């Protein structure tokens, strides 16, 4: 019977959440998934409230504070959703404008290519000069390739001695087409490539091409990028690659 009576205090402590000294243990909240309990000091409040004889006012005040925080968070969330909706609408409108601009640009590029090739064809049909001036026409690698084909079709490639491609925005992508011009135009003496966007590597590639051409004995290059190919003691071909600039970056749609 004494053992049975000794078990009663342990049962009472456990059932009434009492500690070893008979004092009621505070009810605390534990969470491993959220930091809100620490940020809002919930357990500190619970401990303090449970030590108070009348915790109701403190609980009401805490609930009011939490409701105020919830209201503020809800207002900020609504504002965020509104801003997000406006941003999505703006992005959609800009995307539509970009697509329309891209279509217009593509149409312009196609029209420009046709006009450039037509201009070259008119020059080839007239065949009045050995000086082919294509300066500042914004030729691309594709258009140079088409111009070479038209030049051969009209048998104009054996008449050209001077080719001017200055200020066309040509870059390293056009080196292969320039190389093809050097091989396909046998009597070419001067190629003006100033004010384009060739890098040092591209100019060195053109220099190597000149060295590999039949009959070339030496190729000199100045620090500015002037290439002079010799055949014996005679100057066979000059490539003016001076005054190059950095290629502007293009925007991707």
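In my numbering, the protein residues as written are 11 to 263.
Ideal Cβ placement from N, Cα and C applies to all residues, glycine included.
Just so you know, these numbers come straight off a predicted model, no measurement behind them.
Sufficient close CB pairs (3 or more, under 8 Å) joining the region 116 to 132 to the region 151 to 168: yes
Close beta carbons around residue 172, own chain, < 6 Å, minus the five adjacent residues each side: 141, 200
Straight-line Cα distance separating residue 138 from residue 110: 42 Å
Segment contact, 8 Å Cβ cut-off, at least three pairs: the region 226 to 241 with the region 166 to 185: no
Pick from 50, 212, 256 that is closest to residue 77, judged by C-alpha positions: 50
Residue 217 versus residue 116 - alpha carbon distance: 34 Å
Within the region 169 to 229, ranges of the alpha helix (DSSP H) (whole runs, at least 4 residues): 185 to 194, 210 to 222
Cα-Cα separation between residue 38 and residue 87, rounded to whole angstroms: 30 Å
Proximity winner among 207, 85, 189, 246, relative to residue 225 (alpha-carbon distances): 246
Proximity winner among 118, 221, 203, relative to residue 254 (alpha-carbon distances): 203
Bridge-paired residues (DSSP) for residue 248: 200, 238
Cβ-Cβ distance between residue 205 and residue 165 below 8 Å: no
Start and end residues, alpha helix (DSSP H) containing residue 112: 66 to 136
Option nearest residue 169 by Cα separation, candidates 190, 133, 42, 212: 133
In DSSP terms, what residue 142 is bridged to: 173
Residue 298 - containing alpha helix (DSSP H), residue span: With the chain represented from 11 up to 263, any question about residue 298 goes unanswered, as that position is not in the structure.
Residue interval of the alpha helix (DSSP H) (run including residue 61): 52 to 61
Start-to-end residues for the alpha helix (DSSP H) that takes in residue 46: 46 to 49
Local Cβ density within 10 Å of residue 250, reported as buried at 16 or more and exposed below that: buried
Close beta carbons around residue 210, own chain, < 6 Å, minus the five adjacent residues each side: none
Pair within 8 Å by beta-carbon distance, residue 179 and residue 148: yes
Host alpha helix (DSSP H) of residue 153 (start-end): 151 to 163
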